[in-house]
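Just below is one structure, and these are the notes that go with it.
Residue numbers (our numbering): 712 to 865.
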């Protein structure tokens with residue numbers, strides 16, 4: 712288990728010194744309960760990395776132990792996720808227990824090659840009659856939504 716120590720903290724940017732620097736995009740965990748999550752985005756030298764904190768850094772201190780998970784940030788994917796509510800880290804927050812039978816995939820993946828992407832244009836049905844009739848949306852397309860503050864654009 713590769714462990715290092717926090718050298719500096721500047722807002723959400725954290726520098727950590729390790730005996731052997733972790734790979735770029737690896738997830739680092741700090742804190743007694745693993746409450747600080749950091750993703751490596753550059754190696755400053757053979758032993759020091761610079762990472763971006765994915766959680767608030769309040770309470771994180773210089774000299775604190777940081778553990779390299781040895782893998783990139785992964786989230787669950789698959790049909791069992793339908794109808795469930797998750798936080799940004801892929802942990803359930805709907806109090807229905809953990810999701811089983813899901814594959815974990817890295818958030819850093821190669822895009823689908825252009826030749827494999829669908830070129831068929833089809834309409835995305837929102838179920839809102841006013842939108843579907845007056846301003847239909849293309850599946851996978853982009854649409855601008857204009858309106859004043861507080862009028863229900865979301």
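Heads up, the beta-carbon is just placed ideally off N, CA and C, and yes, glycines get one too. It should be emphasised that the depicted structure is a prediction, and the values quoted were computed from it without experimental measurement.
Per the Cβ contact rule, the region 752 to 766 is not in contact with the region 786 to 798 (fewer than 3 Cβ pairs under 8 Å). Runs of the beta strand (DSSP E) lying entirely within the region 735 to 801, each at least 3 residues long, are 737 to 741, 747 to 754, 759 to 764, 776 to 783 and 785 to 788 in chain order.
Excluding its 5 nearest sequence neighbours in each direction, residue 775 has C-beta neighbours in its own chain below 6 Å: 717 and 741, listed in chain order. Closest in alpha carbon position to residue 815, among 721, 802, 846 and 835, is 802. Ranked by how close their Cα comes to the Cα of residue 834, the residues 850, 822, 846 and 842 have 850 in first place. Rounded to whole angstroms, residue 782 and residue 862 show a C-alpha spacing of 43 Å. Bounds of the alpha helix (DSSP H) holding residue 842 are 840 to 845. For residue 716, the enclosing beta strand (DSSP E) has its first and last residue at 714 to 721.
Of 733, 831 and 847, the smallest CA-CA separation from residue 837 is found for 847. If you look at residue 728, you'll find it in the beta strand (DSSP E) that goes 724 to 728. At the C-beta level, residue 754 and residue 732 come within 7 Å of one another.
Here DSSP, grouped into helix, strand and coil, assigns residue 856 to coil. By the neighbour-count criterion, in which a residue is buried when 16 or more other Cβ atoms sit within 10 angstroms of its Cβ, residue 787 is buried.
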